[in-house]
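**Student:** One structure follows; several queries about it will come next.
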Amino acid sequence: MVKQSSIKTTTWADQAQGFDFPSKQHTARGRTGGDETAEASHPQGNTGRIGNRYASLDETSGSVWDTTPSQEDSNRPYRGSGRGYGTSQRREVYGRGWGHGRGRADSRRNSTWELVVICEDLEATQGGGGSLANQDSLDGFSFSSTKQHINIIRGDSVPVQTTKARTGNTDGLSACLLVNDENPRLPEWLAYHYQMLPLRSLIVAVDPASRSSPSEILSRWKDMGMMEVDVWEDDDYFTEEQGSGLCDATNPKVDCVKHHFNRQRYFVMKCMADFKQRNKTWVLLVDVDEYVTFNQIRDDDPIAPLDEAPDGIPTLSDWKLHTNSFGGVVVDGLVNGAPSELKNGMKDGNQNQVVVNNVITKANDVEYGNVIEDASGNKFYLRDDIASRDATAMPNAPKGVPTLKDVMIIGTRLFARIFNDAYDGNKNGEYIEIKMGWENGDTAMRKFHGGHLIHDAKQKKYYVEREQASWPPHVSPKAARNARARLPSVGDGNTIYDILNNELNEYPCVTMPRLLYGSYEEDDEKPRWNADPIGYEDKDFVTLRYKWHAIKGVFDVNKYPKTIIDVSRVPMSAFDGKAFEIHRPLVKFCRKDPPRYSLSLLRVNHYADSFEAFSYRHDSRSFRKSRQYYDEMVSKTTAAKDEDVFQWLQVFVESVGEDEAQFLLSDAGRFASLE
């Protein structure tokens, strides 16, 4: 196990020229117990960004860097990291360390520096094998200024009070992120998910249309050893045949939106495959304007579904919601358990049409597990048809019945690959069309589900492959409600990883509903009880600035859910090609029926932000530049408000340290002109 040693903190004062600081060079030197040493050097960069330097060293010497920060950066924290590598006749020696400096200047032209260096164990390798050599003490460190003043400080080995970030959290989560001019929001997204997931591995693909590069922001995390970060170009996941490169928006024959969606679908699959090869587990698939959090129970939650129909209320099965020609809400379904005849002439066991009473029941309440009421006062319980069919699904086709795989419905037509065709002798895997006796494909297919039999127009039987065999197990409403009641709050010290392991550990693919937050802000809002850490302002962080959101559980506003997938439980072959769709990338591992909002343990906060931020990207989708579209969207986001995630920043600053947090979050919320 890697041990760490730390020198004791000291303060060094030196005269500066004007407001310029003398640069500092830290060198951490460690010994392996033999005669060999290796050094890790840490120069301070004059722009405040991390410098990552490698040097070939022998046992006693190393390179020296000297830089002088400029006046405009005189109040910026400076940090550096480096690695040293040395060789001897007996074995190779590797040492790594990191340090940071903090400076300030006053009117008397003095500069004060506080210096800390931490050096990890040296790793020694010999021959074809490897062994870890314990570092018993920190031999010393030195720094030099532009005046070439050398100071040697010696200290005993002491325990290092540090976070998992500095030691490397092997249990952290991973993420795949496609960016396009996201620099103003990227620092917040990284810091939030570093703290809340915790995010420890990241692959970023930069859209070729992007006018800015995220490299400097990402290097802060990578060079400090807080996160594994890889940046991909199109060639890393998107071949020329698949349509890589910048979409030509001036060419009317090119669909740039389709081009964008293709890039997304190929990227997430290649990214997940890469993480699987690296033995990672959970991989998050969201955008920079989306933040994962605990979905705690709140007063404004939508109706929670019932496990079964209340006494005396008939069940509506194989049901479908639509609108009639008058714009009314209509539910078609099969009535079971009703009296011999209902008020409007409906009969038990027959297919009926229920015209929903919109005064009593809103359209967004027409979901499985709910009780609805029609215009005549009849009440019906809406069965969870997919859960019911899951429970009665056949694992295999009955003897002599052909199997259909990769079924696709287009209108009233059914296409599939057929196997064991006893009717027409088609070869196994041949893609065919089967004539169905449907007048309305959508209505007929509400009964369609894998693991069951269907009949064609001539009443021939076919078994539809049970694709949901690899889906996460169905969870009852009662179990889901109990799990939500156990959820922690942001700031309690728990992470998303804890919930995945303790509550959702049977799920290879967890689908999370989204909740849209708009740009509405109250002029007279009172300060929050958990004030921001000193030096931060709400306006720079969407998670702190915006609290008003849309009605929960309404698809028309919140749109499609997002996923987090445990790639260790998915075969590598599942990542071939492109994703089925970006919101449901693995069709055989992500449920077709995601859990309702009121049953979901995790959710994704989706921030529209200001119109300036919304339209900032160089995006192929025209609606990203439409003020009318934006205004209409955010007009639906004042249903309720919450402060569920507000404490994350305070916890993050306490976790990584004030200086580190300021550095990692620098320029958050700053929208530089890209024209």
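First residue of the sequence shown: 0, per numbering that gives the first Met the number 0; consecutive thereafter.
Using N, Cα and C, we set each Cβ at its ideal position, and we do this for glycine too.
For residue 418, list the residues DSSP reports as bridge partners.
**Tutor:** In the sequence shown, the residue the question calls residue 418 occupies position 419. DSSP, once it has assigned bridges, lists 402 as partnering residue 418.
**Student:** So what's residue 542 in DSSP terms, helix, strand or just coil?
**Tutor:** Your numbering for residue 542 matches position 543 in the sequence shown. Reduced to three states, the DSSP call for residue 542 is helix.
**Student:** Would you identify the three-state DSSP class for residue 670, choosing helix, strand or coil?
**Tutor:** The residue given as residue 670 occupies position 671 in the sequence shown. Residue state, collapsed to three classes: coil.
**Student:** Near residue 288, which residues of its chain fall below 7 Å by C-beta distance, leaving aside the five closest residues on each side in sequence?
**Tutor:** One-based indexing of the sequence shown puts residue 288 at position 289. Around residue 288: 184, 605, 606 and 608.
**Student:** Three-state secondary structure (DSSP) at residue 365?
**Tutor:** Along the sequence shown, one-based indexing puts residue 365 at 366. Note: residue 365 maps to coil in three-state DSSP.
**Student:** Beta-carbon within less than 8 Å of residue 227's beta-carbon, same chain only, minus the 5 sequence neighbours each way: which residues are those?
**Tutor:** If you number the sequence shown from 1, residue 227 lands on position 228. Only 199, 200, 201 and 221 meet the Cβ criterion.
**Student:** May I ask you to list the residues that DSSP assigns as paired with residue 204?
**Tutor:** Residue mapping note: residue 204 aligns to position 205 of the sequence shown, counting from 1. Looking at the DSSP assignment, residue 204 forms a beta bridge with 177 and 231.
**Student:** Suppose only complete runs of 3+ residues qualify. What are the beta strand (DSSP E) ranges in the segment 476-539, listed by chain order?
**Tutor:** For the segment 476-539, whole beta strand (DSSP E) runs of length 3 or above, ordered along the chain, are 508-511 and 513-516.
**Student:** So, residue 509 versus residue 542, is the Cβ gap smaller than 8 Å?
**Tutor:** To locate residue 509, count along the sequence shown from 1; it is residue 510. To locate residue 542, count along the sequence shown from 1; it is residue 543. Going by C-beta atoms, residue 509 is not nearer than 8 Å to residue 542.
**Student:** Enumerate in chain order the residues of its own chain whose CB-to-CB distance from residue 591 is below 6 Å, with the five nearest sequence positions on each side excluded.
**Tutor:** Stepping through the sequence shown from its first residue, residue 591 is reached at position 592. Here the set comprises nothing.
**Student:** Count the other CB atoms, across all protein chains shown, that sit within 10 Å of the CB of residue 430; report buried if there are 16 or more and exposed otherwise.
**Tutor:** In the sequence shown, the residue the question calls residue 430 occupies position 431. Classification for residue 430: exposed.
**Student:** Once you ignore the five residues that flank residue 336 on each side, which residues in its own chain have a CB closer than 6 Å to its CB?
**Tutor:** Locating residue 336 in the sequence shown gives position 337, counting from the first residue. The answer, listed in chain order, is 313 and 314.
**Student:** Can you tell me which residues form a DSSP beta bridge with residue 462?
**Tutor:** In the sequence shown, the residue the question calls residue 462 occupies position 463. In the DSSP output, where bridge partners are listed per residue, residue 462 has 402 and 452.
**Student:** For a quick check, are the C-beta atoms of residue 265 and residue 237 less than 8 Å apart?
**Tutor:** Here residue 265 corresponds to residue number 266 of the sequence shown, with the count starting at 1. Here residue 237 corresponds to residue number 238 of the sequence shown, with the count starting at 1. For residue 265 and residue 237, yes; Cβs fall inside 8 Å.
**Student:** Cα-Cα, which of 234, 195 and 179 is closest to residue 213?
**Tutor:** Here the question's residue 213 lines up with position 214 in the sequence shown. Comparing Cα-Cα distances from residue 213 to each of 234, 195 and 179, the minimum goes to 179.
**Student:** Spell out the partners DSSP gives residue 579 in its beta bridges.
**Tutor:** Within the sequence shown, the letter at position 580 stands for residue 579. None; residue 579 has no bridge partner.
**Student:** Sorted by chain position, which residues of the same chain lie with C-beta nearer than 7 Å to residue 216's C-beta, five sequence neighbours on each side aside?
**Tutor:** By 1-based counting over the sequence shown, the position of residue 216 is 217. Excluding positions up to five away in sequence, the list reads 182, 185 and 186.
**Student:** Along the beta strand (DSSP E) that carries residue 605, what are the first and last residues, could you check?
**Tutor:** On the sequence shown, position 606 is the one that residue 605 refers to. Unbroken beta strand (DSSP E) run through residue 605: 601-606.
**Student:** Taking residue 385 as part of the beta strand (DSSP E), name the residues at either end of that continuous run.
**Tutor:** Position 386 of the sequence shown holds residue 385. Note, residue 385: premise wrong, no beta strand (DSSP E); alpha helix (DSSP H) at 384-391.
**Student:** Within its chain, find whatever has a CB closer than 6 Å to the CB of residue 378; leave out the 5 residues flanking it on each side and keep chain order.
**Tutor:** Within the sequence shown, numbered from 1, the residue matching residue 378 stands at position 379. Same-chain partners within the cutoff: 312, 370 and 372.
**Student:** Over the uninterrupted beta strand (DSSP E) stretch that includes residue 561, give me the two end residues.
**Tutor:** Residue numbering aside, residue 561 sits at position 562 when the sequence shown is read from its first letter. Taken as a continuous stretch (DSSP letters only), the beta strand (DSSP E) holding residue 561 covers 561-565.
**Student:** The ligand COA and residue 320: does the residue's C-beta get closer than 7 Å to at least one heavy atom of that ligand?
**Tutor:** Among the components of this structure there are no ligands whatsoever, and the ligand COA is therefore not found.
**Student:** What do you get for residue 661, buried or exposed, if any count of 16 or more other CB atoms within 10 angstroms of its CB means buried?
**Tutor:** Taking the first residue of the sequence shown as position 1, residue 661 is located at position 662. By the neighbour-count rule (16 or more Cβ atoms within 10 Å), residue 661 is buried.
**Student:** What does DSSP give as the partner residue(s) for residue 640 in the beta ladder?
**Tutor:** For the purposes of this step, residue 640 is identified with residue 641 of the sequence shown, where counting begins at 1. Per DSSP, 547.
**Student:** By the 10 Å Cβ neighbour count, where 16 or more other Cβ atoms means buried, how is residue 663 classified, buried or exposed?
**Tutor:** Taking the first residue of the sequence shown as position 1, residue 663 is located at position 664. Its Cβ being crowded by 16 or more others within 10 Å, residue 663 is buried.
**Student:** Grouping DSSP H, G and I as helix and E and B as strand, with all else coil, what is residue 554?
**Tutor:** Counting from one through the sequence shown, the residue named residue 554 turns up at place 555. Reduced to three states, the DSSP call for residue 554 is helix.
**Student:** At the level of alpha carbons, what is the spacing between residue 671 and residue 539?
**Tutor:** The count along the sequence shown starts at 1 and reaches residue 671 at position 672. The count along the sequence shown starts at 1 and reaches residue 539 at position 540. Rounded to the nearest angstrom, the two C-alpha atoms are 13 Å apart.
**Student:** Using 10 angstroms around the beta-carbon of residue 308, count the other beta-carbons present and answer buried if the total reaches 16, otherwise exposed.
**Tutor:** Counting from one through the sequence shown, the residue named residue 308 turns up at place 309. Buried, by the Cβ-count rule.
**Student:** Going straight from the alpha carbon of residue 635 to that of residue 551, what length do you get?
**Tutor:** Your numbering for residue 635 matches position 636 in the sequence shown. Your numbering for residue 551 matches position 552 in the sequence shown. Taking the straight line joining both Cα atoms gives about 11 Å.
**Student:** Among 581, 276 and 503, which residue has its Cα nearest to the Cα of residue 177?
**Tutor:** By one-based count along the sequence shown, residue 177 stands at place 178. When only C-alpha atoms are compared, the closest one is 581.
**Student:** Give the DSSP-derived three-state secondary structure of residue 221 in the structure shown.
**Tutor:** Taking the sequence shown and counting its residues from 1, one reaches residue 221 at position 222. DSSP places residue 221 in helix when its eight states are reduced to three.
**Student:** Could you give the C-beta distance for residue 547 and residue 519, rounded to a whole number, given that I count them as a contact under 8 Å?
**Tutor:** If you number the sequence shown from 1, residue 547 lands on position 548. If you number the sequence shown from 1, residue 519 lands on position 520. 5 Å between Cβ atoms; contact.
**Student:** Specify whether the segment 457-470 and the segment 479-496 touch according to this definition: at least 3 beta carbon pairs, one from each stretch, less than 8 Å apart.
**Tutor:** Too few Cβ pairs lie closer than 8 Å, so no.
**Student:** For residue 554, does the count of other Cβ atoms within 10 angstroms reach 16, so buried, or fall short, so exposed?
**Tutor:** Translated into positions along the sequence shown, residue 554 becomes position 555. When all chains shown are included, residue 554 counts as exposed.
**Student:** Anyone know if the C-beta pair for residue 203 and residue 230 falls short of 8 Å?
**Tutor:** Here the question's residue 203 lines up with position 204 in the sequence shown. Here the question's residue 230 lines up with position 231 in the sequence shown. Against a cut-off of 8 Å, the Cβ pair of residue 230 and residue 203 comes out as a contact.
**Student:** Alpha carbon to alpha carbon, how far is residue 643 from residue 290?
**Tutor:** For the purposes of this step, residue 643 is identified with residue 644 of the sequence shown, where counting begins at 1. For the purposes of this step, residue 290 is identified with residue 291 of the sequence shown, where counting begins at 1. Computed Cα separation, rounded: 12 Å.
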